[in-house]
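Trainee: Numbering (my numbering) for the sequence shown: 14 to 284.
Every residue, glycine too, gets a C-beta built ideally from N, C-alpha and C.
Computed from a prediction, not measured in an experiment: that's the story for all the values here.
Can you read through this structure? Questions will come right after.
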Amino acid sequence: MGVPFVKGHGTENDFVLIPDPDGRLVITDAQVRALCDRRAGIGADGVIVVRPAASGGYFMDYRNADGSLAEMCGNGARVFARYLVDLGWERAGSFPFLTRGGVRTAELGPGGDVSIDMGPVRVGPAEKAELQGEVFAGTAVDVGNPHLVCLLDDESRLAALDLTRAPAFDAESFPHGVNVEFVVPVGPDHVRMRVFERGSGETRSCGTGTVAAAAAFLRATGGSGSRVTVDVPGGTVVVTFGDQGATLTGPAVLVASGQIDQAFWIAAGQP
14 MGVPFVKGHG TENDFVLIPD PDGRLVITDA QVRALCDRRA GIGADGVIVV
64 RPAASGGYFM DYRNADGSLA EMCGNGARVF ARYLVDLGWE RAGSFPFLTR
114 GGVRTAELGP GGDVSIDMGP VRVGPAEKAE LQGEVFAGTA VDVGNPHLVC
164 LLDDESRLAA LDLTRAPAFD AESFPHGVNV EFVVPVGPDH VRMRVFERGS
214 GETRSCGTGT VAAAAAFLRA TGGSGSRVTV DVPGGTVVVT FGDQGATLTG
264 PAVLVASGQI DQAFWIAAGQ P
């Protein structure tokens, strides 16, 4: 018998979700890498194991494509919430869930979009990223995981970036690595973004990255608005800021379900 899974995405940031109702599933870094392989596996930007939380409710056990643990994933959280309702483990509406970045709240609206309470956003000091021999001025942002947001002044520069390689950054400032966003304003309270995610490479979208981008944009421009639209290669999300932090709203799509072959699963877990 194989291991059940569901494939889903939020603005084309895609995930393999594995239900673990008993909290007993052991998954290795190698198995995560095998599942995320787009030629020899299912293909995904990350894996989410859906486990019961000790305090009640459910824990979003998120792994990057290289198998490393991550504190939080905004797009993954929307898909995770959609999956919980699809399983019947939660009811549509509003409910809390646990991540490594803390407790978050999901709300499923009637139109199909999912909103996630992303918690407080901390805009930090100036930092720098380097790519293709060019140095980009940026800003550190903490959204429960680390980000470095670099604002550009031209869409052609954004399109020309080669994100097949990781941008360089100050390892002392980001000892656990960092997600790097390149952002261009395209209108009032509206930006366009590309991202290189630690542990995954360039992805079509990054939920926490859109929140970081929106926060850095408002700080840099002195914007007084509370709502920023963020375009990513995989679609569009909306980030709203309030007294308690940020809320991320966007689509969450469940694409397919199936069984991971037992022989593949066992072989992938071998050292």
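Can the beta-carbon of Val208 be found less than 8 Å from the beta-carbon of Gly222?
Mentor: Going by C-beta atoms, Val208 is nearer than 8 Å to Gly222.
Trainee: What residues are listed by DSSP as bridge partners for Arg205?
Mentor: Bridge partners of Arg205: Val197, Asp244.
Trainee: Mapping the DSSP letters down to three states, classify Ala184 as helix, strand or coil.
Mentor: Coil, per DSSP.
Trainee: Could you give the residue range of the beta strand (DSSP E) that holds Ser270?
Mentor: 266-273 is the span of the beta strand (DSSP E), which, as asked, contains Ser270.
Trainee: Taking only runs of the alpha helix (DSSP H) that begin and end inside the segment 67-113, which ones reach a length of at least 4 residues, in chain order?
Mentor: If we require 4 residues or more, the alpha helix (DSSP H) runs fully inside the segment 67-113 come out as 87-100.
Trainee: Would Phe28 pass as a contact of Gly59 if the rule is Cβ separation under 8 Å?
Mentor: The answer is yes: Cβ separation under 8 Å.
Trainee: With 16 as the cutoff for other CB atoms within 10 Å, does Met131 come out buried or exposed?
Mentor: Result: buried.
Trainee: Can you give the beta carbon distance from Ala229 to Val241, rounded, assuming they're within the 8 Å contact cut?
Mentor: Not a contact, Cβ separation roughly 10 Å.
Trainee: Identify the continuous beta strand (DSSP E) that holds Glu143 and give its terminal residues.
Mentor: Its beta strand (DSSP E) spans residues 135-144.
Trainee: For a test of the three-state rule: what should DSSP assign to Cys219, helix, strand or coil?
Mentor: Note: Cys219 maps to coil in three-state DSSP.
Trainee: Taking the alpha-carbon positions, what's the Ser68 to His22 distance?
Mentor: The straight-line gap from Cα to Cα measures roughly 27 Å.
Trainee: For a quick check, are the C-beta atoms of Gly89 and Tyr75 less than 8 Å apart?
Mentor: Taking 8 Å as the Cβ cut-off, Gly89 and Tyr75 qualify as a contacting pair.
Trainee: So for Thr234, helix, strand or coil by DSSP?
Mentor: Three-state result, Thr234: helix.
Trainee: Applying the criterion that 16 or more other CB atoms from any shown protein chain within 10 Å of the CB defines a buried residue, is Asp202 buried or exposed?
Mentor: Its Cβ being crowded by 16 or more others within 10 Å, Asp202 is buried.
Trainee: Report yes or no: do the segment 192-199 and the segment 153-163 share at least 3 C-beta pairs separated by less than 8 Å?
Mentor: In short, these stretches touch, since the Cβ pair count reaches three.
Trainee: Are the beta-carbon atoms belonging to Leu176 and Val19 less than 8 Å from one another?
Mentor: The answer is no: Cβ separation not under 8 Å.
Trainee: So Glu120 is in the alpha helix (DSSP H); what residue range does that whole segment cover?
Mentor: That residue, Glu120, is in no alpha helix (DSSP H); its beta strand (DSSP E) goes 115-121.
Trainee: How is the alpha helix (DSSP H) around Ser299 delimited, first residue to last?
Mentor: Within the shown structure, residues of the chain are numbered from 14 to 284, placing residue 299 beyond reach of any answer.
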